[in-house]
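Comments concern the structure below.
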Amino acid sequence: MRYLTAGESHGPKLTAIIEGLPAGLSLTAEDVNQELARRQKGYGRGRRMQIEKDQVEISSGIRHGYTLGSPVTLTVENNDWKHWTKIMGIEPLSEKDESEVKRKITRPRPGHADLNGGIKYGHRDLRNVLERSSARETTVRVAVGAVAKKLLKELGIDIVGHVKEIAGIKADVPEGLSVSKLKEITEDSPVRCYDPEASRKMMEAIDDAKKNGDSIGGVVEVIVEGMPAGIGSYVHYDRKLDAKLAGAVMSINAFKGVEFGLGFEMAKIPGSQVHDEIIWNETEGYKRRTNRLGGFEGGMTTGMPIVVKGVMKPIPTLYKPLQSVDIETKEPFSASIERSDSCAVPAAAVVMEHVVAWELASSLLEHFSSDQMKYLQESVKEYREYTRNF
Ligand code: EPS
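Structural data, given as structure tokens:
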């Protein structure tokens with residue numbers, strides 16, 4: 006399976022095309038819309054989220070509620086586009102409009118794609134960079150991931166993303182909590198966090214950041230239950246599934262690091278307290294007594310829950326901007342101020358959930374190559390049986 010996305014933050018719409026989905030997967034616009042609504046929530050978002058009410062239009066690949074096996078096209082309109090039709094117009098500008106729209110962005114924001122993107126594509130109006138590098142693109146990535154989540158669900162695989170930490174405030178989350186419990190609790194939290202006391206402090210930290218014209222980041226975690234063992238491979242670097250997941254997580258806007266299980270903590274403790282002992286019982290087959298490695302050994306799933314964390318840096322668009330250089334005059338200036346969110350970590354938890362869902366769904370289709378959901382389900386069932394008795 007593969008997909009492409011297209012669209013600018015203030016352009017008419019965002020588009021994704023998914024190719025390689027099996028036929029016979031039940032899918033409706035509502036399946037996607039409920040995930041888009043989850044991404045739009047979260048304490049700390051700016052005004053843009055009040056303008057948008059993200060809704061998908063599915064224009065190919067589905068008939069009467071089921072995938073056909075042909076490419077699926079998903080589009081989400083930008084409501085804000087109507088305010089940007091001149092600035093972001095597709096057609097050449099008339100002379101009159103040109104003077105109106107001329108205000109170029111020439112002061113790159115430190116930490117954003119502005120300067121490097123301008124250098125790369127030769128854009129002297131940095132709007133040409135920031136429109137596509139904006140995290141608005143994560144909208145259609147969630148739409149794509151929603152389709153993947155539907156496929157995982159039909160294979161008995163459940164997934165959740167939640168917030169572990171914002172601005173150094175850590176959530177107290179009991180170990181081994183089930184995905185369904187985490188979902189139930191975090192869905193009602195304004196910061197998508199299990200711990201109510203930490204949630205309160207996180208919201209205070211967001212208020213403070215907003216007051217100070219600053220932004221804050223955090224750590225999000227995705228947990229997946231039900232992945233069979235042995236997906237991915239140890240035989241070649243580009244077939245290691247944990248490596249693919251790490252790449253996918255790092256591709257989310259503003260993400261700067263990834264950890265599996267105990268992650269960087271492993272550097273501090275001996276092997277006897279890191280590796281997970283192997284056990285077996287008739288009903289469940291092979292298991293690990295603990296899950297410190299987060300569901301991966303040798304680039305392959307162990308059959309234990311996948312536990313992966315990602316760190317999101319504070320958003321680089323600051324109302325109290327840092328110093329930058331005007332690319333026209335080369336004079337030092339404060340960076341451009343663009344409308345922004347003071348904290349998008351709760352939304353990022355939803356984005357990461359969907360990005361991980363996509364990688365896992367793709368890896369399953371690679372392993373159990375199938376053009377029909379029915380055969381995919383049968384193959385996975387048979388394989389689970391095999392791994393239990395191996
Ligand atoms: C973003 C800036 C803000 C965010 C946006 C990402 O948008 P705007 O420039 O329109 O105020 O709200 O996020 C989204 C639009 C979204 O859907 O998540 C940026 O510069 O990355």
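With the sequence shown counted from 1, adding 5 to any position gets you the working numbering. Where a beta carbon is used, it is the ideal one built from N, C-alpha and C, also for glycine.
My assumption, with CB atoms under 8 Å, is that residue i sits in contact with residue j. Please give the rounded CB distance.
i	j	result
D200	D177	5 Å
V134	G123	6 Å
L157	A366	6 Å
T306	G237	6 Å
V225	V350	6 Å
G266	N296	7 Å
V313	L250	6 Å
T10	V145	5 Å
K318	A259	5 Å
L26	M6	6 Å
I332	R129	7 Å
I257	K206	Not quite, the Cβ-Cβ distance comes to about 25 Å (not below 8 Å), so this is no contact.
E136	E13	4 Å
R114	T392	Actually they are not in contact, since the Cβ atoms of R114 and T392 sit about 49 Å apart, beyond 8 Å.
D163	G231	6 Å
L187	S368	In fact, because the Cβ distance is near 23 Å, the residues do not count as touching under 8 Å.
V227	A148	In fact, because the Cβ distance is near 18 Å, the residues do not count as touching under 8 Å.
L79	I63	6 Å
A354	G166	4 Å
Can you have a look at residue i and say buried or exposed, based on whether 16 or more other CB atoms are within 10 angstroms of its CB?
i	result
D36	buried
K216	exposed
D119	buried
E387	exposed
K155	buried
S183	exposed
Y48	buried
N83	buried
F373	buried
E282	exposed
E170	buried
T334	exposed
G70	exposed
P97	exposed
Following the continuous alpha helix (DSSP H) through residue i, name the residue where it begins and the one where it ends.
i	result
P326	No alpha helix (DSSP H) holds P326; DSSP gives it neither H nor E.
R137	132-138
Y388	378-394
A11	That residue, A11, is in no alpha helix (DSSP H); its beta strand (DSSP E) goes 7-11.
N296	Looking at the DSSP string, N296 is not in any alpha helix (DSSP H), and its letter there is neither H nor E.
N121	119-126
A352	350-372
A21	Segment 18-24 is the beta strand (DSSP E) holding A21; no alpha helix (DSSP H) there.
E264	First-last for E264: 260-265, but that is the beta strand (DSSP E), not the alpha helix (DSSP H).
I162	Taken as a continuous stretch (DSSP letters only), I162 belongs to no alpha helix (DSSP H), as it is neither H nor E.
I332	Run containing I332: none; DSSP gives neither H nor E here.
K188	184-191
Could you spell out the range, first to last residue, of the beta strand (DSSP E) harbouring residue i?
i	result
P86	The amino acid at residue 86 is misidentified as Pro; the sequence shows Trp. Counting along the chain, W86 falls outside any beta strand (DSSP E), and DSSP gives it neither H nor E.
A172	Note, A172: premise wrong, no beta strand (DSSP E); not H, not E.
E62	61-65
M317	311-317
G223	223-230
V56	Per the sequence shown, the amino acid found at residue 56 is Ile instead of Val. Segment 53-56 is the alpha helix (DSSP H) holding I56; no beta strand (DSSP E) there.
Quick one: what does DSSP say residue i is sitting in, helix, strand or coil?
i	result
V37	helix
M93	coil
P337	strand
K249	helix
I211	helix
D102	helix
D243	helix
K155	helix
S31	strand
T143	helix
G276	helix
V196	coil
V178	coil
L79	strand
E282	coil
T288	coil
Q43	At residue 43 the sequence reads Arg, which differs from the Gln that was named. Helix.
R68	strand
G218	coil
G150	helix
G237	strand
Between residue i and chain B, is there a C-beta pair that is closer than 8 Å?
i	result
A153	Judged by its chain identifiers, the structure shown contains no chain B, having just a single protein chain.
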